[in-house]
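**Q** At position 66 of the sequence shown the residue is numbered 1473 (this note's numbering), and the sequence of numbers has no breaks.
The C-beta atom is built at its ideal place from N, Cα and C for all residues, glycine as well.
If you're wondering where the values come from, they're calculated on a predicted model, not measured in any experiment.
Here it is, the structure, as structure tokens.
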Amino acid sequence: MTSSMDEILPGLFLGPWEYALDAEDLTRAGITHVLSVMRMPKSLPVPVAVVAARNTLMLPILDSPTFDILQHLPRCVEFVRQALDGGGRIYVHCQAGISRSATVVTAYIIQTQGLSVQSALELVRAKRKCVQPNAGFMEQLALWHAAKCIVNSDDQATRLFYHEQTARASKAGRGVQVNADMLARVTEISGAGTGNRIRCKMCRRELAKREHMFPHGPAPTASTSRAAAAETLAATTTPSPAAPEPVQPVTTTTTTDDDQPPSLSSPPTAHEPPMINSTCSGYFVEPLDWMQPILDEGLTSGRIDCPNAKCRAKLGSYDWAGSRCGCGEWVVPGFCIHRSRVDKLK
């Protein structure tokens, strides 16, 4: 039933918006806190009696697969935690108590009980059978779990999620607004034994390390950086048919040398993938912190220059809609540093 207010855990209730507007229902259930994760219609303002008598947090979250609910999860989960740790009782709601509020409650359970997305969702469904976060929220829950319930730029999968959001917005004509907090940080490291990396051929300024690159040549074991999200989604909901999309940046597990194309007959190993293949026109990297002045211009495409103010040599180009590599693969977003403009270090 979608019209009920269900107690998922002791003191943690989940349901539709109607109960959040009824002070008597909230008092009867002993609710001390209300977390609203929806855009409340202007024609239905929250009664003063409800707000005045309880700790209330209201966030205008949309039930859309493309909406970024991930950024709100830390604040929501902390609000729930403080309510319960303080001996309170909290009501989490959206419009129907099916997708948005269920996502928040599931995220709280993942963090506090260390469960997988599927196990946490099953726990919620045991008390409220109708819950079903939309496909985009399921993917973001998988990122939340994989990143150990922390949303910051230290996790590459999280960074890529935000960059793909930017790419989709650009493709839809909504402009380019880069989340600067999700740009990978590049620190210059000198000396041997620091791992594969590239530097400007002109001034030797270090530009990126292996971890910032997308080896993407043909390989039987290639998998997207967000495969875990897809697996979780498949296990918890039935995906609807979707039109094929351009290939996203991938990582491979082949054992070929850095400048040799991967062999289709080579068995997968745990060795690091090559930084680049012989047919590739350049190094495809994720958006990096030193690119911020370029990205702040808000353009959908442009050139990538060396960040060294005394150099400014052209290194390559970028296109949020994607770029085709010399190997024939289309990479989205496409940030390519031409191999002839850099030196590769080991």
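Can we say the region 1523-1530 touches the region 1499-1507, given the rule of at least three CB pairs closer than 8 Å?
**A** no
**Q** Would you call the CB atoms of Leu1550 and Pro1540 closer than 9 Å?
**A** By 1-based counting over the sequence shown, the position of residue 1550 is 143. By 1-based counting over the sequence shown, the position of residue 1540 is 133. No. Outside cutoff.
**Q** Can you tell me whether Arg1592 is helix, strand or coil according to DSSP?
**A** For the purposes of this step, residue 1592 is taken as the residue at position 185 of the sequence shown. In the structure shown, Arg1592 sits in coil (DSSP, three-state: anything other than H, G, I, E or B).
**Q** Please classify Arg1719: is it buried, with 16 or more other beta-carbons within 10 angstroms of its beta-carbon, or exposed?
**A** Residue mapping note: residue 1719 aligns to position 312 of the sequence shown, counting from 1. Answer is exposed; the Cβ neighbour count stays below 16.
**Q** What is the C-beta distance between Gly1422 and Gly1495, in whole angstroms, given that I count them as a contact (C-beta under 8 Å)?
**A** What you label residue 1422 is simply residue 15 of the sequence shown in a count that begins at 1. What you label residue 1495 is simply residue 88 of the sequence shown in a count that begins at 1. In fact, because the Cβ distance is near 17 Å, the residues do not count as touching under 8 Å.
**Q** Can you tell me whether Lys1534 is helix, strand or coil according to DSSP?
**A** Sequence index remark: in the sequence shown, residue 1534 carries index 127 (1-based). Three-state result, Lys1534: helix.
**Q** Rounding to the nearest angstrom, what Cα-Cα distance links Ser1471 and Val1512 in this structure?
**A** Position 64 of the sequence shown, counted from the start, is the residue given in the question as residue 1471. Position 105 of the sequence shown, counted from the start, is the residue given in the question as residue 1512. A direct Cα-Cα distance of roughly 17 Å separates Ser1471 from Val1512.
**Q** From which residue to which residue does the beta strand (DSSP E) around Val1487 run?
**A** Your numbering for residue 1487 matches position 80 in the sequence shown. Counting along the chain, Val1487 falls outside any beta strand (DSSP E), though it belongs to the alpha helix (DSSP H) covering 1480-1492.
**Q** Whose C-beta lies closer than 6 Å to the C-beta of Phe1420 among residues of the same chain, with five residues either side of it excluded?
**A** Translated into the one-based positions of the sequence shown, residue 1420 becomes position 13. Excluding positions up to five away in sequence, the list reads Met1412, Glu1414, Tyr1498.
**Q** What residue does the beta strand (DSSP E) around Thr1463 start on, and which one ends it?
**A** To locate residue 1463, count along the sequence shown from 1; it is residue 56. That run of the beta strand (DSSP E) goes 1462-1465.
**Q** Taking only three categories from DSSP, how would you classify Val1739?
**A** For this step, residue 1739 is matched to residue 332 along the sequence shown. DSSP places Val1739 in coil when its eight states are reduced to three.
**Q** Touch check for the region 1570-1583 and the region 1730-1740: three-plus C-beta pairs under 8 Å?
**A** By the C-beta criterion, the region 1570-1583 is judged to be in contact with the region 1730-1740, since at least 3 inter-stretch pairs fall below 8 Å.
**Q** For the candidate residues Val1583, Met1609, Leu1469, Ser1523, whose alpha-carbon lies nearest to that of Glu1704?
**A** Position 297 of the sequence shown holds residue 1704. Closest option to Glu1704, Cα to Cα, is Val1583.
**Q** Can you round the beta-carbon distance between Asp1750 and Arg1606 to whole angstroms, since I take them to be within the 8 Å contact cut?
**A** Position 343 of the sequence shown, counted from the start, is the residue given in the question as residue 1750. Position 199 of the sequence shown, counted from the start, is the residue given in the question as residue 1606. Yes, Asp1750 and Arg1606 are in contact; Cβ-Cβ is about 5 Å, under 8 Å.
**Q** Please classify Gly1543: does DSSP put it in a helix, a strand, or coil?
**A** On the sequence shown, residue 1543 is found 136 positions in, with the first residue counted as 1. Gly1543: helix per DSSP, three-state reduction.
**Q** Using three-state DSSP, classify Ile1517 as helix, strand or coil.
**A** Residue 1517 sits at position 110 when you count from the first residue of the sequence shown. The answer is helix: DSSP assigns Ile1517 an H, G or I state.
**Q** Please state if the CB of Arg1604 and the CB of Asp1696 are separated by a distance shorter than 9 Å.
**A** In the sequence shown, residue 1696 corresponds to position 289, counting from 1. In the sequence shown, residue 1604 corresponds to position 197, counting from 1. Contact flag unset, no.
**Q** Under three-state DSSP, which class holds Leu1522?
**A** Taking the first residue of the sequence shown as position 1, residue 1522 is located at position 115. Note: Leu1522 maps to coil in three-state DSSP.
**Q** Buried or exposed: which applies to Ala1716, given that a residue is buried once 16 or more other Cβ atoms fall within 10 Å of its Cβ?
**A** The residue labelled residue 1716 in the question sits at position 309 within the sequence shown. Burial state of Ala1716 is exposed, judged by a 10 Å Cβ sphere holding fewer than 16 other Cβ atoms.
**Q** Report all residues from its chain with a CB closer than 6 Å to the CB of Pro1653; omit the five preceding and five following residues, and keep chain order.
**A** Numbered from its first residue, the sequence shown carries residue 1653 at position 246. Note on Pro1653: pLDDT 44, under 50, position unreliable in the model; the coordinate value appears next. Within the same chain, Pro1653 has close Cβ partners Gly1729, Trp1737, Val1739.
**Q** Suppose you measure from the CA of Ala1579 to the CA of Thr1434; what does that come to, to the nearest Å?
**A** Translated into positions along the sequence shown, residue 1579 becomes position 172. Translated into positions along the sequence shown, residue 1434 becomes position 27. Going by the C-alpha atoms only, they are around 46 Å apart.
**Q** Cα separation between Leu1464 and Gln1525?
**A** What you label residue 1464 is simply residue 57 of the sequence shown in a count that begins at 1. What you label residue 1525 is simply residue 118 of the sequence shown in a count that begins at 1. Rounded to whole angstroms, the separation of the alpha carbons of Gln1525 and Leu1464 is 27 Å.
**Q** Going by DSSP, what residues sit across from His1745 in a beta bridge?
**A** Residue numbering aside, residue 1745 sits at position 338 when the sequence shown is read from its first letter. For His1745, which the question treats as bridged, DSSP gives the partners Gly1689.
**Q** Does the distance from the C-beta atom of Ile1468 to that of Arg1488 stay below 9 Å?
**A** Here residue 1468 refers to the residue found at position 61 when the sequence shown is read from its first residue. Here residue 1488 refers to the residue found at position 81 when the sequence shown is read from its first residue. Result no, Cβ atoms of Ile1468 and Arg1488 do not sit closer than 9 Å.
**Q** Spatial neighbours of Thr1707 within its chain, please: C-beta separation below 8 Å, excluding the five flanking residues on both sides.
**A** Here residue 1707 refers to the residue found at position 300 of the sequence shown. Same-chain partners within the cutoff: Ser1577, Val1583, Asp1726, Trp1727, Ala1728.
**Q** Does at least one heavy atom of the ligand SAH sit under 8 Å from the Cβ of Ser1523?
**A** Within the structure as shown, the ligand SAH is missing, as the structure has no ligands at all.
**Q** Along the chain, which unbroken stretches of the beta strand (DSSP E) at least 3 residues long are found entirely within the region 1416-1457?
**A** 1419-1422, 1440-1443
**Q** Tell me the DSSP secondary structure of Lys1578 in three-state form.
**A** Residue mapping note: residue 1578 aligns to position 171 of the sequence shown, counting from 1. The answer is helix: DSSP assigns Lys1578 an H, G or I state.
**Q** Give the C-beta separation of Ala1713 and Met1609 to the nearest angstrom, bearing in mind that I take them to be a contact with Cβ-Cβ under 8 Å.
**A** By one-based count along the sequence shown, residue 1713 stands at place 306. By one-based count along the sequence shown, residue 1609 stands at place 202. The sequence given here places Cys at residue 1713; Ala does not occur at that position. 7 Å between Cβ atoms; contact.
**Q** What is the DSSP secondary structure of Ile1683, counted as helix, strand or coil?
**A** Translated into positions along the sequence shown, residue 1683 becomes position 276. It is coil, neither helix nor strand.
**Q** Under the three-state reduction of DSSP, which class applies to Arg1612: helix, strand or coil?
**A** What you label residue 1612 is simply residue 205 of the sequence shown in a count that begins at 1. Of the three classes helix, strand and coil, the one that applies to Arg1612 here is coil, per DSSP.
**Q** So, Gln1478 versus Val1585, is the Cβ gap smaller than 9 Å?
**A** By one-based count along the sequence shown, residue 1478 stands at place 71. By one-based count along the sequence shown, residue 1585 stands at place 178. No, the Cβ-Cβ distance between Gln1478 and Val1585 is not below 9 Å.
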